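Residue 16 is where the sequence shown starts when you use my numbering, and the numbers rise one by one after that.
Note that beta-carbon positions come from the ideal geometry of N, C-alpha and C, so glycine has one too.
Because the structure is a prediction, the values reported are computed rather than measured.
Just below is one structure, and these are the notes that go with it.
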Amino acid sequence: MPWTPLIDVAQLPPGRGVVVDRPGGALAVFVENGVPHVLENTCPHRDGDLGEGHVVNGCVYCPLHAWPFDLRTGESPTHPLARVRVFPARIEGGKVEAELENAQVESQGAR
């Protein structure tokens with residue numbers, strides 16, 4: 016599958032994410048401890064932008080109601096039915112790239 020460049024690593028604030036608009040939907044992009052993570056941007060709880068959330072201990076917290084989502088799996092540890100798609104990601108040439116056709120988790124809503 017092709018890798019798609021999304022954003023320069025230098026544009027990612029520490030402990031925070033960035034929303035990257037793409038055809039087919041926005042993505043939330045993070046780098047934690049040098050490891051890139053790309054997730055579906057929309058929180059299944061109340062449609063918050065996960066890319067505007069903050070990262071603590073491997074989870075991004077939705078800015079609307081603070082629901083956590085594991086950066087690796089997309090699953091919420093406190094609300095197991097809530098999950099977002101996660102895409103393979105890497106850093107190449109100073110950019111975060113993702114395989115957008117290879118989501119690892121199917122999205123499920125929990126409202």
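Please report the distance separating the alpha-carbon of residue i from that of residue j.
{"i": "Pro38", "j": "Leu115", "result": "11 Å"}
{"i": "Asn117", "j": "Thr19", "result": "12 Å"}
{"i": "Glu121", "j": "His80", "result": "In this predicted model, Glu121 has a pLDDT of only 48, less than 50, meaning its place in the structure is not dependable enough to derive any value."}
{"i": "Ala104", "j": "Thr93", "result": "25 Å"}
{"i": "Pro51", "j": "Val44", "result": "7 Å"}
{"i": "Leu21", "j": "Cys77", "result": "21 Å"}
{"i": "Lys110", "j": "Gly68", "result": "20 Å"}
{"i": "Val33", "j": "Leu27", "result": "6 Å"}
{"i": "Gln123", "j": "Asp85", "result": "Low confidence applies to Gln123: its pLDDT is 45, below 50, so where it sits in the model is not reliable, and the reading given next is rough at best. Rounded to the nearest angstrom, the two C-alpha atoms are 14 Å apart."}
{"i": "Ala125", "j": "Val46", "result": "Reliability fails at Ala125, whose pLDDT of 43 lies under 50, so the model's placement of it is uncertain and the value that follows must be treated cautiously. About 26 Å."}
Could you give the residue range of the beta strand (DSSP E) that holds residue i?
{"i": "Ala19", "result": "According to the sequence provided, residue 19 is Thr. The question's Ala does not apply to it. Counting along the chain, the beta strand (DSSP E) containing Thr19 begins and ends at Thr19 to Asp23."}
{"i": "Asp85", "result": "Pro83 to Asp85"}
{"i": "Leu96", "result": "Segment: none, Leu96 is in no beta strand (DSSP E) and carries neither H nor E."}
{"i": "Trp104", "result": "Per the sequence presented here, residue 104 reads as Ala, with Trp not at that position. Segment Ala104 to Glu107, the beta strand (DSSP E) holding Ala104."}
So for residue i, helix, strand or coil by DSSP?
{"i": "Leu54", "result": "strand"}
{"i": "Val65", "result": "Residue identity differs from the one stated: residue 65 is Leu in this sequence, not Val. In the structure shown, Leu65 sits in a helix (DSSP, three-state: H, G or I)."}
My guess is that residue i and residue j are in contact by the Cβ rule of under 8 Å, so how many angstroms apart are they, rounded?
{"i": "Arg31", "j": "Val70", "result": "7 Å"}
### Task
Flag this pair as touching only if the segment 48-62 and the segment 99-119 have three or more C-beta atom pairs under 8 Å; answer yes or no.
yes
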